[in-house]
Amino acid sequence: MKWISRIAALAAAVFSLFSCNNGGKALLPNASGKAGEVIVVLDKIPWEGNLGNEVRALLARDCEFLPQREPLYSLVNLSPNAFTDMFKYHRNILIFNIDDDIEKEGVIYRSNVWSQPQCIIQLNASCVDSASVVLARNGDNIAAAIEQAERNRVIGATLKFEEPKVAKAVSEMIGGKVHCPSGYSVKKRTSDFLWIAYETTYTIQGVFVYKYPVTDPEPFTVDKLVGKRNEVLKANVPGMFDNTYMTTADYVRPEMKFLSYHDHHFAQLRGFWEVEGDFMGGPFVSHSFYSKDGRDIIVLEGWVYAPKYDKRQYLRQVESFLYSFEWDKDEDPAGAGEDEGKK
97 MKWISRIAAL AAAVFSLFSC NNGGKALLPN ASGKAGEVIV VLDKIPWEGN LGNEVRALLA
157 RDCEFLPQRE PLYSLVNLSP NAFTDMFKYH RNILIFNIDD DIEKEGVIYR SNVWSQPQCI
217 IQLNASCVDS ASVVLARNGD NIAAAIEQAE RNRVIGATLK FEEPKVAKAV SEMIGGKVHC
277 PSGYSVKKRT SDFLWIAYET TYTIQGVFVY KYPVTDPEPF TVDKLVGKRN EVLKANVPGM
337 FDNTYMTTAD YVRPEMKFLS YHDHHFAQLR GFWEVEGDFM GGPFVSHSFY SKDGRDIIVL
397 EGWVYAPKYD KRQYLRQVES FLYSFEWDKD EDPAGAGEDE GKK
């Protein structure tokens, strides 16, 4: 009896320990579902009507700057009655809670309700027409929440299996890290340029890190960023044949946006790359920002070559590596280290 009591006490202690480490909840199972997939819980009639069209226009619209048409997310519709326990473990779930008794309409964002890491978004509305209004008002935030959840999953998995040599090389050059998973390696390294890549038989996921002195009071324009990009890549990224090199495709003008993530401000550039004198090409996305001392422009760029495959998830992965950037803690100015620790 004493042994049974001790075993029971030990089991209770272990369960309590794990529960405390998970915010007082029992440990949650791993989220299911494919990357880039969203379950939409909505009755069939509104799904096939205007409300469903609005959801698809928001979440299944074409990804920007991909050579072939690919939806932003792959949507799976389930009616509320079909949304059984087996589907509640999915990674991304958008639930339409439409009921006459609802008094406070709006959107609720939750994480790790039935599994982890999980993104749950619930839209509350009194009728279908009201649901359309709530969706229109909150659409950008809904899409951003799902994108952030997808990005965080990639970053979280990367930090578990990070390639330390890559992080070290980036840190030594710019004083901050881009976190890449095991399998990535440094293909080329100079004092102001790094070429990092993961290569398989049919795909390449590449990351460029480079810097150059600030010589212009307004360096963040499309033309200036593209001009410097072409200059740097021509000097550092040759093609397979003589007199070939990577450059920016000009058949679609790149697009620039100013963004902020964890108090890190940058200019995002999206476009297509190609090899001058060859037939290789694909999408790229870059983040450009000032160095800590303001003397240099630092550029982090992710790009994909996958001629036989859809490119949405390949690009989302390398883009997540850019978002994983963080300044080295020991070089933070006073007070910055505390903010970084809250990431």
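Note that the working numbering has the sequence shown beginning at 97, numbered continuously upward. Note that the Cβ used here is the ideal one computed from N, Cα and C, for glycine as well.
Alpha-carbon to alpha-carbon, residue j and residue i
i    : j    : result
A345 : V134 : 32 Å
S420 : D197 : 43 Å
R412 : R247 : 7 Å
P254 : V305 : The sequence as given places Thr at residue 254; Pro does not occur at that position. T254 and V305: Cα-Cα distance of roughly 18 Å.
R333 : Y341 : The residue asked about is misnamed: residue 333 is Val in this sequence, not Arg. Roughly 6 Å separates the two Cα atoms.
K425 : C215 : 30 Å
L147 : N220 : 14 Å
H275 : D392 : 21 Å
A107 : L123 : Interpretation of A107 is limited by its pLDDT of 38, a score under 50 that renders its predicted location unreliable; the figure taken from the coordinates is listed afterwards. Cα to Cα, A107 sits roughly 15 Å from L123.
L329 : G323 : 10 Å
V400 : D181 : 37 Å
A241 : A331 : 39 Å
Y298 : Q164 : 17 Å
D139 : T343 : 48 Å
A432 : W291 : Model confidence at A432 stands at a pLDDT of 39, short of 50, so the residue's coordinates are unreliable and nothing is read from them.
Member of the options whose CA lies at the smallest distance from the CA of residue i
i    : options                   : result
S222 : Q214, V230 and D195       : D195
S88  : S384, Y294, H360 and I270 : Residue 88 lies beyond the range of the chain shown here (97 to 439); nothing can be said about it.
F161 : W369, K404, D389 and G390 : W369
S416 : S387, A227, Q244 and V136 : Q244
K388 : A402, W423, P403 and F354 : W423
D359 : F385, F375, N193 and I270 : F385
F289 : D319, P309 and G279       : P309
V452 : K404, Q218, V209 and D225 : Because the chain spans 97 through 439 in this model, residue 452 falls outside it and cannot be assessed.
S267 : G252, K307 and I238       : K307
S211 : G252, R152, A127 and G279 : A127
P176 : I191, P313, L155 and A232 : I191
F183 : P315, I270, Y410 and P125 : P125
G335 : F316, D374, P315 and A263 : D374
Opening and closing residue of the alpha helix (DSSP H) in which residue i lies
i    : result
W143 : K140 to W143
R325 : V318 to N332
A245 : V224 to K256
F354 : Looking at the DSSP string, F354 is not in any alpha helix (DSSP H); the run it does join, the beta strand (DSSP E), is E351 to Y357.
E415 : R408 to Y419
V262 : P260 to I270
N220 : Run containing N220: none in the alpha helix (DSSP H); it sits in the beta strand (DSSP E), C215 to A221.
R152 : N146 to L155
Status (buried if at least 16 other CB within 10 Å, exposed otherwise) for residue i
i    : result
Y347 : exposed
A265 : buried
V250 : buried
E327 : exposed
G120 : With a pLDDT of only 47 at G120, under 50, the local geometry of the prediction cannot be trusted, and no value is derived from it.
I141 : exposed
N117 : Confidence at N117 is low in this model, with a pLDDT of 43, below 50, so its placement is unreliable and the value that follows should be read with caution. By the neighbour-count rule (16 or more Cβ atoms within 10 Å), N117 is not buried but exposed.
P350 : buried
L174 : buried
S287 : exposed
G272 : buried
K256 : exposed
Y405 : exposed
E259 : buried
G390 : exposed
K200 : exposed
S279 : Per the sequence presented here, residue 279 reads as Gly, with Ser not at that position. Classification for G279: exposed.
Unbroken beta strand (DSSP E) run spanning residue i, endpoints
i    : result
V400 : D392 to Y401
S384 : G377 to Y386
N173 : S170 to L174
K284 : S281 to R285
Y298 : Where Y298 is concerned, there is no enclosing beta strand (DSSP E), given that its DSSP letter is neither H nor E.
Beta-carbon proximity of residue i to residue j, cut-off 8 Å
i    : j    : result
S382 : E372 : no
V203 : V230 : yes
G129 : R206 : no
L321 : L365 : yes
F354 : G367 : no
V318 : M352 : yes
E166 : C159 : yes
G377 : A402 : no
I238 : L154 : yes
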